Amino acid sequence: MKNYLFIALTSILIFSCSSLKVAYDYDSSINFNNYSSYAFSKQEIEKLDISDIDKKRILSSIESNMKQKGYEFSTSPDLVINVSTKSREDIYISQSYNRYGWYAYPFAQTYRPSSRVVGLLYIDIVDGKTGNLVWQGNGSGSLYSNKLSRDELISNFVNKVLESYPSKS
């Protein structure tokens, strides 16, 4: 019983500390079963202001997700996938009072700035024939992790964003 409680509490702690935030939207009038193939927008991929290695990681993760969902890569696709990225630096300032024994001196405040880089990933899926947006997902989260390699971090990021994209029936 104690083991189950420990596992449950650990799982809650791990997942509640996840700093990845995801949102998505889609055209509810679209029947996603009408689509079977996809390709990437070459122009959008070339515009990405990230390293070629990270581009490969993102595209590879998207490809594996789409394959798992039953879609095939094609040169004449039903869907075109656009990817864009941004980053920003979030700055946090914590304040504390210097203490001497039991007394805190409010006039001797200490400020400690810290920052972290937040990455934003946007995945737009467009109808290949009409050019209309059919699904859009985005995620934001820390770009650096002490626990995960860069491959795992990007893969988790993409997996989380595409988690809500419908599978083929």
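By the numbering used here, the letter at position 121 of the sequence shown is numbered 129, and the numbering carries on one by one without gaps.
No residue lacks a Cβ here, since even glycine has one placed at the ideal position from N, Cα and C.
The structure displayed is predicted, hence computed values, not measured ones.
- The region 125 to 139 and the region 82 to 95 touch, with three or more beta-carbon pairs separated by less than 8 Å.
- Shortest Cα-Cα distance from residue 125 to any of 99, 54, 135 and 137 involves 99.
- It is roughly 12 Å from the alpha-carbon of residue 168 to the alpha-carbon of residue 160.
- With 16 or more other Cβ atoms from the protein chains shown falling within 10 Å of its own Cβ, residue 40 counts as buried.
- Residue 170: member of the alpha helix (DSSP H) spanning 158 to 170, first to last residue.
- By the neighbour-count criterion, in which a residue is buried when 16 or more other Cβ atoms sit within 10 angstroms of its Cβ, residue 156 is exposed.
- Pairing residue 173 with residue 152, the inter-Cα distance amounts to about 25 Å.
- Setting aside the 5 residues that flank it on each side, residue 45 is surrounded in the same chain by 80, 82, 85 and 86, each with a C-beta closer than 6 Å to its C-beta; the list follows chain order.
- Scanning the region 77 to 143 for uninterrupted alpha helix (DSSP H) segments of 4 residues or longer gives nothing; none is fully contained.
- Judged by DSSP in its simplified three-state form, residue 33 adopts strand.
- Proximity to residue 29 across 61, 145 and 138 peaks at 145, based on C-alpha coordinates.
- For the 9 Å CB-CB criterion, residue 120 and residue 95 do not form a contact.
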